[in-house]
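Structure record follows, encoded as structure tokens.
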Amino acid sequence: MGAIQRIVQWSRVKSPWVIHFNSGACNGCDIEIVASLTPRYDLERFGVLLKGTPRHADVLLASGPVTRQIEDRLLRIYEQMAEPKFVVAVGTCACTGGVFQGLYNVKGGIDRILPVSAYIPGCPVTPNAIIDGVVKLLASLENPPKKASAG
Amino acid sequence: MPDFGNVQIPVGPQHPALKEPESFLITLRGEKITAASVRMGYNHRGVEKGAEGRTYTQDIYLVERICGICSHSHGTAFIQAVEEIAGLDVPRRAKYIRMLVGELERVHSHLLWLGVAGHEIGFDTLLMYSWRDREVVMDLLAAVSGNRVHYSMNTVGGVRRDVDSALAETILKGVDRLEEQTKYYIQVCSEETTVIKRLSGVGVVTHEDALRLLVVGPTARASGVARDIRKDDPYLAYDELDFKIVTSDHCDVYGRTLVRLGELMESYSMIRQIVKNMPDGPITVKAPRKIPAGEALSRYEAPRGEDVHYVKANGTEKPERVKVRAPTLANLQAVSHMLRDNNLADMPIVIAAIDPCFSCTDRAVEIDRADSGPRDRMDWGRLRAHGIDFYRSRGVDFTELNRSLTRRMKKL
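So the protein lines, in turn, are chains A and B. The first sequence begins at 18 in my numbering and counts up by one. The second sequence begins at 760 in my numbering and counts up by one.
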């Protein structure tokens, strides 16, 4: 890895900007995401900053099962983000569809639509779990796990 | 300056001012909003239909997850209807515990709103302060129910967890701390000139309009409509508590702020009364698995206003029909009225001021105005093709990137 790439890597790991998108959640995970950004938990101490537009963000925090209405919008938001980009599925619904599994307007977990880098289960996830998930994601960026050899 | 006529701006479904996906189409003339329309349904999951396919016990957990902020409200409103059909006599202690969680939930919801409102007017300090104090009530809810959000306290015939005397002591201590902080916020909001000037005269709904548009909850009470289900149609044991309906005649966002802060103080006094007068006895009665045929309508004063649940039972262990009217649906009609003649910059706080909860609202709503006519709209494929061509003509091509993305997806 060259010096420039190392600097880019360092800045990426030290200040990941996130965008939060509710893809049909009940709000429970969304308020816990906001709670994890406020003084008690303060995710900002890891350099995490909440941004308003996907074009500025590295990490998409998606909460909730994917509803049919939101599917295209979620994909579009993902397409607008700059590479490299990561998706974190926040909450049981985002991981698998959770309690909403089988409802006629629900597609299931985020991974039906997008490649997901980290799953944080919980109904709703506690801020502690969100912090744990984000820190693990950051650690995996710093020391990428060795690609499993094919076969 | 040339007159550009009416300009239409779409806001949402993803927008920094909206924490939930909802789409507003705002028509502007200069800086002034001349019309606004709402498009709902992004959060529509089909909870009502899903409830018909699950048993009553499963439905408690599903109905709670209509909304994460007022989950106890939905759960209690649903269970009250079921208990009414089954003719169950819920123990008084269970009613008191339900009220306790309900009021703690109101405190958490109003503190949350205060922070969000502060954020929308660029007063982020208020967001950080009120959310820091909100953690006190979250701790109390976690101690009472075992979970910070989605308390799942209800079961058919009572509640699932008891409140012992040590816990009651903790609750009283927490409430003292919260009351002290809330007094400070009331002082800030009634003395701080920037807050008063920013919120006064914004998003006005007059008393007559509030009655005409049928707004509910704090939005109605801020327009001088003294309507509160806890007083008008007491459920649980609210008729045994001493409290007053907080109203304001400001009719604007400032009034809605004062009403919510006033309600916080009322809730603290109610929590003290509940803890002090908590009757002894069992917390649950045995409930049948199959609910006899019948129907019931249940009303509940959620933090955002009146929440209505209708349940129809047919003698099996599954309901035949569940219908929910969430408070935001009632208030949302008034938003386009509130936005008219306001500046575009006031849009976030006006929408936030009804404390919208779109996940509550988007269960089963189909609105089609007969007079709206065909709208000139691009369908999804055309919009995407347009976007790709737009960037390609400027030398930006994502084709290769999308291909690699598709490959990544296929590997999963």
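Positions of the beta carbon are idealized from the N, C-alpha and C atoms, including for glycine.
Close Cβ partners of residue i (< 8 Å) along its chain, the five nearest in sequence each way excluded
i, result
"Arg1167/B", "none"
"Gln773/B", "Pro780"
"Leu847/B", "Val915, Gly916, Val1044, Ala1046"
"Thr1120/B", "Met799, Asn802, Ala1085, Thr1087, Leu1088, Leu1091"
Distance between residue j and residue i (C-alpha atoms, nearest Å)
i, j, result
"Tyr1150/B", "Lys778/B", "29 Å"
"Leu821/B", "Ala810/B", "7 Å"
"Tyr1013/B", "Asp1100/B", "17 Å"
"Phe103/A", "Val1067/B", "40 Å"
"Pro1133/B", "His803/B", "Only weak support exists for where Pro1133/B lies, its pLDDT of 47 falling under 50; the value from the coordinates is given anyway. So the alpha carbons of these two residues sit roughly 23 Å apart."
"Gly976/B", "Arg1063/B", "5 Å"
"Gly119/A", "Gly125/A", "8 Å"
"Cys948/B", "Leu873/B", "10 Å"
"Lys153/A", "Gly881/B", "32 Å"
"His878/B", "Ile1108/B", "9 Å"
"Lys854/B", "Ile930/B", "17 Å"
"Ser1026/B", "Asn1102/B", "34 Å"
"Pro1086/B", "Met1106/B", "20 Å"
"Glu858/B", "Ala836/B", "As written in the sequence, residue 858/B is Met, which differs from the Glu given in the question. Cα-Cα distance, rounded: 12 Å."
"Ala1052/B", "Lys1082/B", "16 Å"
"Ala1089/B", "Leu870/B", "22 Å"
"Glu1079/B", "Arg1048/B", "15 Å"
"Lys791/B", "Gly1154/B", "37 Å"
"Asp149/A", "Arg72/A", "25 Å"
"Ala147/A", "Val51/A", "Reading the sequence as shown, one finds Ile at residue 147/A and not Ala. Ile147/A and Val51/A: Cα-Cα distance of roughly 11 Å."
"Val65/A", "Ala99/A", "17 Å"
"Thr814/B", "Val964/B", "42 Å"
Per-residue DSSP class, three states only, for residue i
i, result
"Lys1034/B", "Here residue 1034/B turns out to be Val, not Lys, going by the sequence shown. Note: Val1034/B maps to helix in three-state DSSP."
"Lys102/A", "coil"
"Phe38/A", "strand"
"Val1070/B", "strand"
"Gly1021/B", "helix"
"Lys1077/B", "coil"
"Thr953/B", "helix"
"Lys1045/B", "coil"
"Pro1107/B", "helix"
"Pro769/B", "strand"
"Gly983/B", "coil"
"Phe1157/B", "coil"
"Lys990/B", "helix"
"Arg1134/B", "Its pLDDT being 49, under 50, Arg1134/B is placed unreliably by the model, and the measurement read from it follows with that caveat. Looking at Arg1134/B - three-state DSSP - the assignment turns out to be coil, as it is neither helix nor strand."
"Asn1102/B", "strand"
"His831/B", "helix"
7 Å Cβ shell around residue i - same chain, five flanking residues per side excluded
i, result
"Leu67/A", "Val35, His37, Leu54"
"Arg1015/B", "Pro977, Thr978, Ala981, Ala1112"
"Ala1055/B", "Ala840, Glu843, Ile844, Val1070"
"Val918/B", "Ala853, Ile856, Arg857, Met912, Ile1042, Thr1043"
Own chain partners of residue i with C-beta closer than 6 Å, once the 5 adjacent residues on each side are dropped
i, result
"His1009/B", "none"
"Val860/B", "His831, Tyr910, Met912"
"Arg852/B", "Pro1038, Gly1040, Ile1042"
"Ala876/B", "Ala1111"
"Arg865/B", "Ser1026, Pro1062"
Heavy atom of the ligand HEM within 7 Å of residue i beta-carbon
i, result
"Glu864/B", "Although the ligand HEM was asked about, the structure shown includes no ligands whatsoever."
### Message
Using a Cβ distance threshold of 8 Å, determine whether the segment 882-896 of chain B contacts the segment 1025-1043 of chain B, with at least three qualifying pairs required.
### Response
no
### Query
Is the segment 988-1007 of chain B in contact with the segment 937-952 of chain B, if contact means three or more CB pairs nearer than 8 Å?
no
#### Entry: Stretch pair the segment 84-100 of chain A + the segment 44-59 of chain A: three plus CB contacts closer than 8 Å
no
### Task
Would you list, in sequence order, the uninterrupted alpha helix (DSSP H) runs of no fewer than 4 residues that lie entirely inside the segment 82-159 of chain A?
85-97, 109-113, 144-159
### Cβ pair count under 8 Å reaching 3, the segment 104-117 of chain A against the segment 45-54 of chain A
yes
### Query
Of all the alpha helix (DSSP H) runs that stay within the bounds of the segment 874-957 of chain B, which reach a length of 4 or more residues?
883-904, 924-950
### Query
Does the segment 779-793 of chain B come within contact of the segment 762-771 of chain B, defined as at least 3 CB pairs closer than 8 Å?
yes
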